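Counting along the sequence shown from 1, when you hit position 5 you're at 557 in the numbering used here, and nothing is skipped either side. Taking it in order: structure first as structure tokens, then the write-up.
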Amino acid sequence: MNNSASKKNNVTKWLFDNVIYVFLILLVIGIVIASPDFLSVTNFINILSQSSSRIIIALGMAGILITAGTDLSAGRMVGLAAVVSASLLQASDYAYKMYPHLHELPLIVPILIAMVVTGLIGAFNGVIVSKLHVPPFIATLGMMIIVYGLNSMYFDRPPYGAQPIGGLSQSFTTFAQKGIPIGQYQIPYLVLYAIVAIILIWVMWNKTQLGKNMYAIGGNPEAAKVSGVNVAKNIIIIYMIAGLLYGFSGTLEAGRVGSATNNTGNMYELDAIAACVVGGVSLSGGIGTVPGVITGVLIFQIINYGLAFLGVSPYIQYIVKGAIIVVAVAFDMRKHAKKK
Numbered sequence: 553m554n555n556s557a558s559k560k561n562n563v564t565k566w567l568f569d570n571v572i573y574v575f576l577i578l579l580v581i582g583i584v585i586a587s588p589d590f591l592s593v594t595n596f597i598n599i600l601s602q603s604s605s606r607i608i609i610a611l612g613m614a615g616i617l618i619t620a621g622t623d624l625s626a627g628r629m630v631g632l633a634a635v636v637s638a639s640l641l642q643a644s645d646y647a648y649k650m651y652p653h654l655h656e657l658p659l660i661v662p663i664l665i666a667m668v669v670t671g672l673i674g675a676f677n678g679v680i681v682s683k684l685h686v687p688p689f690i691a692t693l694g695m696m697i698i699v700y701g702l703n704s705m706y707f708d709r710p711p712y713g714a715q716p717i718g719g720l721s722q723s724f725t726t727f728a729q730k731g732i733p734i735g736q737y738q739i740p741y742l743v744l745y746a747i748v749a750i751i752l753i754w755v756m757w758n759k760t761q762l763g764k765n766m767y768a769i770g771g772n773p774e775a776a777k778v779s780g781v782n783v784a785k786n787i788i789i790i791y792m793i794a795g796l797l798y799g800f801s802g803t804l805e806a807g808r809v810g811s812a813t814n815n816t817g818n819m820y821e822l823d824a825i826a827a828c829v830v831g832g833v834s835l836s837g838g839i840g841t842v843p844g845v846i847t848g849v850l851i852f853q854i855i856n857y858g859l860a861f862l863g864v865s866p867y868i869q870y871i872v873k874g875a876i877i878v879v880a881v882a883f884d885m886r887k888h889a890k891k892k
């Protein structure tokens, strides 16, 4: 009886710890049963392509969450990077070019400009949080509004006003839309960029002093400070790295879609936070892995793509996504409370 009760308790504990995964797996199974055509190589490649830029955003967000912070300005930084890079990478013969006299720049230049801009904004977020001791929620909420205002001012410029920035150069669209042919299929370049970002962030989190400090700060900032960690400096660097990742992702989004507006990236921060929590990153700080973040993003993209594939109303999709977020956070907080 004792052995049986112990097994029952272990099963109950496992279900409690993984209830969100069980629910999501059942949801995916339901999608496949409703439409077996969903299981195809083409759909899988499309999901990977759509997930790539989201993974890059989520990796930046996850680092901040591990320090027990948050970043509500992420989506607006993605939008700013998309608009800046697109405005500098329009084809020279495009009739509605934002800068008519600007020759086509080398691809790397606008991408670096966009990343530097968002990296500086991220660093500024870190300064506000670590030096001025403003709660991350409030600091990044304010920055979200500021960045959207700045982006809208830049985007809504004469003589064409607030028109989508299109006519992107061939090099830019190739960079974001093409891929490596393998048989009758094509592995998108976006997937390769995401893999590079994943490797770099994994190394940073697991093999560098910055990564160790990040976990220490999230676990107990006072203990980290006593042990000699420069908490403010590390927080600023983590926010700056997140900004750089948002910037790169924004350029990929502009190239993937083929245009950009000041609303590009809207609400991406909430998707990133949700994916991180579903992937095991604790909102209480100190806990999170790169594979977990990737898993969370892929789960969300499979559900989004699957529901859209079935023709489910976008309004229902919002309800499902919101419910997943609430449940994931609720169980995360309960697990953290039990550990205390």
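C-beta: ideal position from N, C-alpha, C; glycine also. Computed from a prediction, not measured in an experiment: that's the story for all the values here.
Buried versus exposed call for residue i [16 or more other C-beta atoms within 10 Å across all chains shown]
i: F893; result: Residue coverage of the chain in this structure runs from 553 to 892, which leaves residue 893 outside it and unanswerable.
i: I871; result: exposed
i: E774; result: exposed
i: D645; result: exposed
i: I793; result: buried
i: N814; result: buried
i: V563; result: exposed
i: M553; result: Per-residue confidence for M553 stands at a pLDDT of 49, beneath the threshold of 50, marking its modelled position as unreliable; no derived number is given.
i: S865; result: exposed
i: R709; result: exposed
i: Q642; result: buried
i: V584; result: exposed
i: V878; result: exposed
i: G735; result: exposed
i: R628; result: buried
i: T816; result: buried
i: Y651; result: exposed
i: S601; result: buried
i: L742; result: buried
i: I697; result: exposed
i: Y867; result: exposed
i: I717; result: buried
i: G615; result: buried
Rounded distance between the beta-carbons of residue j and residue i, thought under 8 Å
i: T670; j: G802; result: 7 Å
i: F727; j: G807; result: 6 Å
i: G848; j: I618; result: That pair is no contact at about 14 Å.
i: L762; j: T692; result: That pair is no contact at about 21 Å.
i: I607; j: A812; result: Incorrect: roughly 20 Å between the Cβ atoms, too far for contact.
i: Q587; j: L862; result: Residue identity check: residue 587 is Ser in the sequence provided, not Gln. Rounded, the Cβ-Cβ distance is 6 Å, consistent with contact.
i: V881; j: V845; result: Actually they are not in contact, since the Cβ atoms of V881 and V845 sit about 16 Å apart, beyond 8 Å.
i: E899; j: S605; result: Nothing can be reported for residue 899, as the shown portion of the chain is limited to 553 through 892.
i: G771; j: G678; result: Wrong, their Cβ atoms sit about 19 Å apart, outside the cutoff.
i: Y648; j: Y712; result: 5 Å
i: S603; j: Q869; result: Not really, about 16 Å apart at Cβ, beyond 8 Å.
i: V699; j: I673; result: 6 Å
i: V778; j: N765; result: Actually they do not touch by this definition, with Cβ atoms about 13 Å apart.
i: I750; j: V842; result: 6 Å
i: M667; j: F800; result: 6 Å
i: S682; j: A784; result: 4 Å
Cutoff 8 Å: residue i Cβ touching any chain D Cβ
i: N595; result: You won't find chain D in this structure, because it holds only one protein chain.
Unbroken alpha helix (DSSP H) run spanning residue i, endpoints
i: Q738; result: Taken as a continuous stretch (DSSP letters only), Q738 belongs to no alpha helix (DSSP H), being part of the beta strand (DSSP E) at 737-740.
i: G858; result: 842-861
i: P687; result: Segment: none, P687 is in no alpha helix (DSSP H) and carries neither H nor E.
i: S592; result: Careful: S592 lies outside any alpha helix (DSSP H) and carries neither H nor E.
i: D708; result: Note, D708: premise wrong, no alpha helix (DSSP H); not H, not E.
i: A826; result: 820-830
Range covered by the beta strand (DSSP E) that runs through residue i
i: G731; result: 731-734
beta-carbon residue i near the ligand HEM non-hydrogen atom, thresh 7 Å
i: I788; result: Annotation note on the ligand HEM: not contained in the displayed structure, which lists no ligands.
Assess contact between the segment 750-764 and the segment 635-644, defined as three or more Cβ pairs (one per stretch) separated by less than 8 Å. Is contact present?
no
Touch test, the segment 820-827 against the segment 583-599, Cβ-Cβ under 8 Å, three pairs minimum
no
Note down, one range per segment and in chain order, each alpha helix (DSSP H) of at least 4 residues found wholly within the segment 721-799.
722-729, 741-759, 761-771, 773-778
Take every Cβ of the segment 829-847, pair it with every Cβ of the segment 655-674, and state whether three or more of those distances are shorter than 8 Å.
no
Unbroken stretches of the alpha helix (DSSP H), 4 residues or longer, contained in the segment 623-699
626-640, 660-682
Flag this pair as touching only if the segment 779-799 and the segment 598-616 have three or more C-beta atom pairs under 8 Å; answer yes or no.
yes
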